[in-house]
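Have a look at the structure below before the remarks.
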Amino acid sequence: MTTDTTTAAPANTGATSSPPASAAQPLVMSIILAAGGAHLINDMIQALLPSIYPMLKANYNLSFTQVGLITLTFQVTASLLQPWIGMVTDKHPQPWLLPSGAVSTLIGIVMLSMVGSFPAFLLAAALIGIGSSTFHPEASRIARMASGGRFGLAQSTFQVGGNAGSAFGPLLAAAIVVPYGQGNVAWFVLLALLAIVVLSRVSGWYRRHLAATKGRAKPRTAQTLPAATVRRALLVLALLVFSKYFYMASFTSYFTFYLIDRFDLSVASSQLYLFLFLGAVAVGTFVGGPIGDKIGRKLVIWISILGAAPFALMLPHANLFWTGVLSVVIGLVIASAFSAIVVYAQELVPGKVGMIAGVFFGLMFGFGGIGAALLGHLADLYGIAWVYGLCAFLPLAGLLTVFLPNLKEQRG
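Using numbering that gives the first Met the number 0, the first residue of the sequence shown is number 0, and each one after it goes up by one.
Right, here's the structure in full:
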């Protein structure tokens with residue numbers, strides 16, 4: 000295993016009296032890339048589910064409301080467990096959770112390839128969600144441990160794996176599942192098996208890292224910001240995640256339906272537009288973390304969420320060409336927010352890396368699931384084009400960033 004032994008200066012967040020333990024460790028890029036690769040597989044499998052919604056809707060006569068409930072089931076199981084897992088593993092690390100979560104995902108994929116009823120789809124979605132909820136807090140913690148103090152770089156590299164998986168999932172679904180039928184979902188079992196192998200190796204490094212640092216005195220963390228300020232900042236961050244992932248749910252669950260309804264595209268063609276959007280999200284995510292290390296995470300949050308608002312407001316009125324262009328621009332701009340939000344929150348609440356990662360990944364999935372269910376119901380009532388007109392106003396919530404305190408952050 001090759002490591003980069005160059006270390007960055009410890010982060011000065013204004014919230015700690017001594018540098019975090021991870022800042023004293025070398026950058027272990029191979030582990031960050033492995034965690035990001037596992038994230039790619041995890042989110043590629045997750046992206047498979049909404050990618051085959053048009054096929055399942057047609058084959059089993061599902062309503063938009065039922066489609067939204069499938070997403071809600073996945074997102075709830077993927078969100079509710081995450082903060083608790085993060086909180087428990089902050090005190091009692093459990094390296095075995097990573098490969099065992101991938102086993103749950105594997106079982107869900109097998110079910111999704113075989114079952115043929117709405118309740119069975121809900122159960123398959125729940126199992127995939129459980130696999131995701133065990134993955135994100137621990138894998139995010141490991142990426143931070145291996146960061147050498149370059150937290151934005153590590154978090155964005157880890158996150159871009161997930162975004163890349165979300166982008167390639169619909170493309171693979173369009174190539175493998177949509178033309179040949181539901182049974183071909185079983186090909187994704189190979190990816191789940193690969194994830195189990197990768198995560199077994201990552202958890203082995205994690206176990207050795209824990210053994211090597213066992214007995215060392217933990218650095219003291221002293222919160223210098225008033226508790227009320229921290230609570231207000233966390234609430235603002237939660238509202239920003241709400242606006243971002245309600246808006247993202249309109250794309251991840253319903254962009255294909257919007258394109259089919261408004262521009263009469265085929266399912267396969269609409270998947271290519273979804274791939275372009277999600278690919279732009281992946282690029283924006285990767286760029287956002289290192290930029291946050293350089294210019295500050297609060298500024299990145301400003302630019303990312305509020306900066307998407309003009310393009311979001313134009314999109315419902317655009318023709319097919321400009322819809323494609325605007326969706327790519329929106330994906331690039333809005334993507335960098337989440338990595339910045341997670342690292343900013345971890346700096347607000349030092350010593351709670353797993354819990355904070357679990358809370359914000361949980362909020363991401365939870366808001367995304369609620370958004371998918373609510374937007375699906377609204378689409379049944381008023382039409383999918385009306386939903387896009389409504390969602391266009393969500394990025395204006397970026398104005399709430401003004402209420403975030405300024406932190407002295409690491410400059411990479």
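Glycine included, each C-beta is placed from N, C-alpha and C at the ideal position.
With burial defined as no fewer than 16 other Cβ atoms inside 10 Å of the residue's Cβ, what is the status of residue i: buried or exposed?
| i | result |
| --- | --- |
| T104 | buried |
| Y244 | buried |
| F402 | exposed |
| G367 | buried |
| Y343 | buried |
| H91 | exposed |
| V358 | buried |
| S139 | buried |
| L209 | exposed |
| G361 | buried |
| G203 | exposed |
| V201 | buried |
| P53 | buried |
| A227 | exposed |
| D116 | One detail in the question is off: residue 116 reads as Ser in this sequence, not Asp. By the 10 Å Cβ count, S116 comes out exposed. |
| L234 | exposed |
| L256 | Leu is not the amino acid found at residue 256; the sequence shown has Phe there. Buried, since its Cβ has 16 or more Cβ neighbours within 10 Å. |
| A307 | buried |
| F310 | buried |
| L189 | exposed |
| P118 | exposed |
| A384 | exposed |
| R207 | exposed |
| M363 | buried |
| A378 | buried |
Just checking my contact of residue i with residue j at CB under 8 Å: how many whole Å lie between their CB atoms?
| i | j | result |
| --- | --- | --- |
| F120 | N41 | In fact, because the Cβ distance is near 19 Å, the residues do not count as touching under 8 Å. |
| S419 | A371 | Outside the shown range of the chain, which is 0 to 411, sits residue 419, and nothing can be said about it. |
| I340 | V240 | 6 Å |
| G397 | W301 | 7 Å |
| V176 | I44 | Their Cβ separation, rounded to whole angstroms, is 12 Å, which puts V176 and I44 out of contact at 8 Å. |
| L111 | V197 | In fact, because the Cβ distance is near 21 Å, the residues do not count as touching under 8 Å. |
| Q74 | G365 | 6 Å |
| A142 | A34 | 5 Å |
| S280 | A166 | Note that residue 280 is Val in the sequence shown here, rather than Ser. About 7 Å separates the two Cβ atoms, so the contact holds. |
| Y387 | S303 | 20 Å between Cβ atoms; not a contact. |
| T76 | I129 | 5 Å |
| A391 | L314 | 6 Å |
| A153 | T72 | Going by Cβ atoms, the distance from A153 to T72 rounds to 31 Å, so no, they are not a contact pair. |
| L169 | A46 | Checking the sequence, you will find Pro at residue 169 rather than Leu. Indeed they touch by this definition, with Cβ atoms about 6 Å apart. |
| L393 | S242 | 5 Å |
| V282 | L331 | 6 Å |
Excluding sequence positions up to five away, which residues of its chain have a Cβ less than 6 Å from the Cβ of residue i?
| i | result |
| --- | --- |
| A294 | The sequence shown places Ile at residue 294, rather than the Ala named in the question. Counting only Cβ-Cβ distances below 6 Å, and skipping sequence neighbours, we find nothing. |
| L96 | T133, E137 |
| K297 | L403 |
| A173 | A267, Q270 |
| V348 | I355 |
| W186 | I175 |
| A145 | V27, I30, I31 |
| Y205 | P94, I141 |
| M86 | M354 |
Within a Cβ cutoff of 7 Å, which residues of the same chain sit near residue i, ignoring the five residues on either side of it in sequence?
| i | result |
| --- | --- |
| K213 | none |
| H38 | A138, F157, G160, G161, G164 |
| S199 | P98 |
| I106 | L126 |
| A483 | Absent from the model: residue 483. The displayed extent of the chain is 0 to 411, so no value can be given. |
| L319 | F262 |
| L399 | V235, L238, L239 |
| A317 | L325 |
| L264 | L258 |
| M247 | G367 |
| L61 | L55, F117 |
Whose C-beta lies closer than 8 Å to the C-beta of residue i among residues of the same chain, with five residues either side of it excluded?
| i | result |
| --- | --- |
| F254 | S269, Y272, L273, F276, S326 |
| S155 | T284, F285, V286, G287, G288, P289, G291, S335, S338 |
| H376 | F63, T64, G67 |
| G412 | Outside the displayed span of the chain (0 to 411) sits residue 412, for which this structure offers no information. |
| W83 | G357 |
| V109 | A185, V188 |
In the segment 258-338, which residue ranges form an unbroken alpha helix (DSSP H) of at least 4 residues, counting only runs that do not cross its ends? Segments of the alpha helix (DSSP H) lying fully in the segment 258-338: 266-294, 296-300, 308-313, 319-333.
Alpha helix (DSSP H) runs contained entirely in the segment 61-124, provided each spans 4 or more residues: 63-90, 96-113
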